[in-house]
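Visitor: Residue numbers for the sequence shown follow the numbering used here, beginning at 57 and rising by one.
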Amino acid sequence: MSAGAITRELQALGQGDDSAWPQLIELVYADLRRLAAGQLRQEGAGHTLQPTALVHEAWLRLRRQRPEWHDRAHFLSLASQLMRLILVDHARRTGRQKRREERPRALSDARPGTLDMEEVLAVHDGLNELARLSARQSRVVELRFFGGLTFEEIAEVTGGALRTVKRDWSMARAWLRAYLRGEPIAH
57 MSAGAITREL
67 QALGQGDDSA
77 WPQLIELVYA
87 DLRRLAAGQL
97 RQEGAGHTLQ
107 PTALVHEAWL
117 RLRRQRPEWH
127 DRAHFLSLAS
137 QLMRLILVDH
147 ARRTGRQKRR
157 EERPRALSDA
167 RPGTLDMEEV
177 LAVHDGLNEL
187 ARLSARQSRV
197 VELRFFGGLT
207 FEEIAEVTGG
217 ALRTVKRDWS
227 MARAWLRAYL
237 RGEPIAH
């Protein structure tokens, strides 16, 4: 898949050419499916949504929103954010967000599929707080933790240097660890 071809389709959509939708889904479906699978791995066993259903729900919402997408990286970043919000909405609708007394474990302690819904919601809330301080760090965590992207893929998607992505991951993870444990936070 060519990033240039995706950008051309996104530009066509931005100019009102609805005939670009079918071509765009062919070009990005594998990426969207990978993002969905990565996010659902964090949800743990017993989740009622499947990656295909998450992709389709995100696709429908993306078509309704029709924001100005700049390129493949921007599109995938927005799709990842939208998938996270769909999962949070789903958790709230299904009543799986019952609060517990103890705080969720830190991201560094979490492994794919080990977080329960309360922890996913707590990470979601923490990311929203972190985004107020550093949108870039929040985006790195979202793409790595929820999207399952490698550091190299995140650098490509964000247009940042690999070193910067790794530093952002480290700093954001420390900030979120403190947030999730209810400790004083310095940034």
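We treat Cβ as the ideally placed atom computed from N, Cα and C, and that holds for glycine. All values derive from a computational prediction rather than experimental measurement.
(1) From S58 to G238, what does the alpha carbon distance come to, in whole angstroms?
(2) Measuring only the C-alpha atoms, how far is R117 from G203?
(3) Does G94 come out as helix, strand or coil in the three-state DSSP assignment?
(4) Mark T214 as exposed unless 16 or more other C-beta atoms lie within 10 angstroms of its C-beta, in which case mark it buried.
(5) How is the alpha helix (DSSP H) around Q106 delimited, first residue to last?
(6) Alpha carbon to alpha carbon, how far is G182 from S75? Give it in angstroms, no decimals.
(7) If you measure between the beta carbons of L236 and A178, is that distance less than 7 Å?
(8) What's the C-alpha gap between R233 and T63?
(9) So, are the CB atoms of E124 and G72 less than 7 Å apart?
(10) Considering only their Cβ atoms, is the gap separating L91 from S136 smaller than 7 Å?
(11) My understanding is that R119 touches W77, with C-beta atoms under 8 Å, so please give their C-beta distance in whole angstroms.
(12) Give me, in chain order, the residues of the same chain whose beta-carbon lies closer than 8 Å to that of L186; leave out the 5 immediate sequence neighbours on both sides.
(13) Could you tell me if E65 is buried or exposed, where buried requires 16 or more neighbouring beta carbons within 10 angstroms of its beta carbon?
(14) Can you tell which of R148, E174, D87 has its C-alpha closest to the C-alpha of R128?
Guide: Here's the rundown:
(1) Here the question's residue 58 lines up with position 2 in the sequence shown. Here the question's residue 238 lines up with position 182 in the sequence shown. About 44 Å.
(2) Taking the first residue of the sequence shown as 1, we reach residue 117 at position 61. Taking the first residue of the sequence shown as 1, we reach residue 203 at position 147. Rounded to whole angstroms, the gap between the alpha carbons of R117 and G203 is 18 Å.
(3) For the purposes of this step, residue 94 is taken as residue 38 along the sequence shown, with counting starting at 1. In the structure shown, the three-state DSSP call for G94 is helix.
(4) On the sequence shown, position 158 is the one that residue 214 refers to. Buried, because 16 or more other Cβ atoms sit within 10 Å of the Cβ of T214.
(5) Here the question's residue 106 lines up with position 50 in the sequence shown. First-last for Q106: undefined, no H or E at that position.
(6) If you number the sequence shown from 1, residue 75 lands on position 19. If you number the sequence shown from 1, residue 182 lands on position 126. The alpha-carbon atoms of S75 and G182 are separated by roughly 39 Å.
(7) Numbered from 1 along the sequence shown, position 180 holds the residue referred to as residue 236. Numbered from 1 along the sequence shown, position 122 holds the residue referred to as residue 178. Yes, the pair counts as a contact, with Cβ atoms nearer than the cut-off.
(8) Translated into the one-based positions of the sequence shown, residue 233 becomes position 177. Translated into the one-based positions of the sequence shown, residue 63 becomes position 7. Rounded to the nearest angstrom, the two C-alpha atoms are 36 Å apart.
(9) By one-based count along the sequence shown, residue 124 stands at place 68. By one-based count along the sequence shown, residue 72 stands at place 16. It is not a contact, given that the beta carbons lie outside the stated cut-off.
(10) Your numbering for residue 136 matches position 80 in the sequence shown. Your numbering for residue 91 matches position 35 in the sequence shown. The beta carbons of S136 and L91 sit closer together than 7 Å.
(11) Counted from its first residue, the sequence shown places residue 119 at position 63. Counted from its first residue, the sequence shown places residue 77 at position 21. Yes, R119 and W77 are in contact; Cβ-Cβ is about 7 Å, under 8 Å.
(12) Residue 186 sits at position 130 when you count from the first residue of the sequence shown. Excluding residues within five positions, the ones whose Cβ falls inside 8 Å are Q193, S194, V197, A228, W231, L232, Y235.
(13) The residue you call residue 65 lines up with position 9 of the sequence shown. E65 should be labelled buried.
(14) Numbered from 1 along the sequence shown, position 72 holds the residue referred to as residue 128. Ranking the options by Cα distance to R128, first place goes to D87.
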